[in-house]
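Let me begin by presenting the structure, written as structure tokens, before commenting on it.
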Amino acid sequence: MNRTSRIPAGVIVEGQIRGQGDLVIAGLVEGTIDVDGLVVVEATGQVRGPIRARSLVVGGAVQGSLHADETVRLEAGARVVGDVVAERVTAALGAMVRGRVRMAGAERLDRTEGGTLRAPWSSAGTLTAARTAAGMIAAPKQERVASAEVTDEPAKRTRTRPSAATPTPTVAVAPTPTARAIPPTSTPTPIPRVMPTAATPTVTATASASAIPAATPIQAAPMQAAAPMQAAAPIQAAAPIQAAAPIQAAPIPAAPIQAAPIPAPPAPRRAPPLPQMPTVGRVRAHRKDNA
Amino acid sequence: MSESGSRERAGVIGAGLVVMGRIRGTGDVRVEGVVEGEITLDGDVSLGAAATVVAPVSGRSVEIEGELHGNVSASRDLTVRAGGRVRGDVRAARLSIDDGAVIDGVLEMDFDLGAPDLGPGAFGSEGTHR
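Chains as they are written, first to last, in my numbering: chain A, 1 to 291; chain G, 1 to 130.
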């Protein structure tokens with residue numbers, strides 16, 4: 001592999017560290033770390049300053065942000081005060097963190113909220129429909145605002161949003177397109193319980209798979225997977241199972257549903273962090289330009 | 001013993017069930033369905049893979065496999081399993097994030113950096129750090 005640099009316990013580095021290769025820190029670093037490889041902060045390691053690397057493993061103390069293009073792993077005993085930004089972030093029980101966490105999945109969650117959320121949400125929606133009828137919908141909590149916000153976006157993009165109450169659009173939007181998308185295969189398959197459970201793991205799988213490659217483009221996939229499958233399941237109206245496959249295979253029927261969220265301006269809110277962690281090479285180049 | 005005992009008494013919001021309102025009490029609750037409102041328990045809270053919760057959640061230990069929109073607070077462990085999605089701020093005594101889990105929010109944990117070299121500021125209040 002590449003050269004591996006090591007700052008052993010007892011050694012203090014004050015200043016900036018940057019370059020290529022892996023870096024293992026068992027001592028103390030005060031300053032910025034910007035490395036093109038793996039950075040490991042061992043249990044005895046301490047870093048005061050932001051760390052940027054391809055991947056990061058932290059078992060020691062870091063006071064500064066962690067920014068990895070790929071993964072950040074916080075081991076038991078890790079203490080981090082600072083934001084954590086990476087495509088994937090994992091933490092073992094015993095890792096301590098204070099700061100904001102951003103991961104690629106979160107972006108997708110945020111942006112796709114419609115896609116991701118709508119799925120389970122439409123199940124809620126389906127049920128919400130009943131509540132709506134029962135007039136229970138009128139109990140707007142603060143949280144509901146959040147959910148409405150969430151569901152609004154896709155609703156808008158999917159079709160002109162009616163001026164309905166908060167949850168209603170979800171209910172209306174989600175089932176309808178799905179129902180339309182399904183007819184070709186429509187074979188009512190009542191698997192209400194099994195399906196939602198089955199659907200979610202699928203999402204999971206897709207999500208974690210997607211997390212590995214580039215963050216932005218891939219997200220389209222999980223969305224497609226997530227939206228129709230979960231949407232189909234809770235709706236129960238028509239062929240959840242059969243629907244899931246065709247929709248994924250042939251985006252055409254599903255287009256009304258997913259087409260909207262995907263092409264739409266991605267991550268309006270969360271955009272900033274992503275562009276910051278593209279390919280490794282670019283990061284450095286970028287830095288150089290700045291410097 | 002008490003584990004199994006409390007487990008038997010654990011409440012379940014089953015899949016297909018929607019709760020709009022507040023869930024509180026001393027027992028454990030597992031959510032497989034939908035909860036909108038608030039969950040405040042002395043016991044453990046777990047959100048199943050199919051769960052959708054839009055609510056602040058607080059409990060002793062909280063395990064999340066499903067989707068949560070809202071702040072979480074666990075007096076003991078907070079575990080976000082693969083597939084678990086959290087959008088909200090997280091406060092826990094101990095935290096575990098599995099690969100494949102997604103959290104979008106601020107993590108708040110009480111701890112010392114435990115690094116004298118990081119200066120006295122490393123100890124104590126959060127305000128010192130930010």
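Ideal Cβ placement from N, Cα and C applies to all residues, glycine included.
Legend entry - Rounded Cβ spacing between Glu30 (chain A) and Gly49 (chain A) (contact assumed at less than 8 Å): 6 Å
Legend entry - Span separating the alpha-carbon of Gly21 (chain A) from that of Ala68 (chain A): 14 Å
Inset, instruction - Work out the CA separation of Val81 (chain A) and Arg85 (chain G) for me, nearest whole Å. - result: 22 Å
Inset, instruction - Count the CB pairs spanning the stretch 50 to 58 of chain A and the stretch 69 to 85 of chain G that are closer than 8 Å, and state whether there are at least three. - result: no
Inset, instruction - Taking Gln46 (chain A) as part of the beta strand (DSSP E), name the residues at either end of that continuous run. - result: Gln46 to Arg48
Inset, instruction - Can you grab the Cα-Cα spacing for the pair Pro268 (chain A) / Gly25 (chain G), in whole Å? - result: Bear in mind that a pLDDT of 44 at Pro268 (chain A), under 50, signals an unreliable position, so the model cannot answer this.
Inset, instruction - With 9 Å as the threshold, decide whether the Cβ of Ala9 (chain A) is near any Cβ in chain G. - result: False, the Cβ-Cβ gap to chain G never drops below 9 Å.
Inset, instruction - Count the other CB atoms, across all protein chains shown, that sit within 10 Å of the CB of Leu38 (chain A); report buried if there are 16 or more and exposed otherwise. - result: buried
Legend entry - Contact residues within the stretch 72 to 102 of chain G, judged by C-beta distance below 7 Å to chain A: Asp77, Ala82, Gly83, Arg85, Arg87, Arg94, Leu95, Ser96, Ile97, Asp98, Asp99, Gly100 and Val102
Inset, instruction - Rounded to whole angstroms, what's the CA-CA distance from Asp83 (chain A) to Gly10 (chain A)? Just pull it up for me. - result: 27 Å
Legend entry - Test: Asp104 (chain G) CB closer than 9 Å to a CB of chain A: Proximity of Asp104 (chain G) to chain A, defined by a Cβ-Cβ separation below 9 Å, is satisfied.
Inset, instruction - Determine, using beta-carbon pairs with one atom in the stretch 23 to 42 of chain G and one in the stretch 55 to 75 of chain G, whether at least three such pairs fall under 8 Å. - result: yes
Legend entry - Assigned secondary structure, Ala104 (chain A) (DSSP; H/G/I helix, E/B strand, else coil): helix
Inset, instruction - Put Met109 (chain G) into one of helix, strand or coil per three-state DSSP. - result: In the three-state DSSP reduction, Met109 (chain G) falls in the coil class, being neither helix nor strand.
Legend entry - With 16 other Cβ atoms within 10 Å as the buried cut-off, status of Thr4 (chain A): Result: exposed.
Inset, instruction - Return the CA-CA distance between Ile33 (chain A) and Gln16 (chain A), expressed in angstroms with no decimal places. - result: 6 Å
Legend entry - Alpha carbon of Arg293 (chain A) to alpha carbon of Gly16 (chain G), nearest angstrom: Residue 293 (chain A) is absent from the model: chain A starts at 1 and stops at 291.
Inset, instruction - Would you please verify whether the beta carbon of Asp3 (chain A) is less than 9 Å from any beta carbon of chain G? - result: This sequence places Arg at residue 3 (chain A); Asp is not what is there. Cβ-Cβ to chain G under 9 Å: no for Arg3 (chain A).
Legend entry - Residues of the stretch 79 to 93 of chain A whose Cβ lies closer than 7 Å to any Cβ of chain G, in chain order: Arg79, Val81, Arg88, Val89, Thr90, Ala91, Ala92 and Leu93
Legend entry - Within chain G, the residues that Ala26 (chain A) reaches when beta carbons sit closer than 7 Å: Among the residues of chain G, none has a CB under 7 Å from the CB of Ala26 (chain A); the nearest is roughly 13 Å distant.
Inset, instruction - Rounded to whole angstroms, what's the CA-CA distance from Ala148 (chain A) to Ser46 (chain G)? Just pull it up for me. - result: In this predicted model, Ala148 (chain A) has a pLDDT of only 38, less than 50, meaning its place in the structure is not dependable; the value taken from the coordinates is given anyway. Each residue's alpha carbon lies about 24 Å from the other.
Inset, instruction - Return no unless some Cβ of chain A is closer than 9 Å to the Cβ of Glu63 (chain G). - result: no
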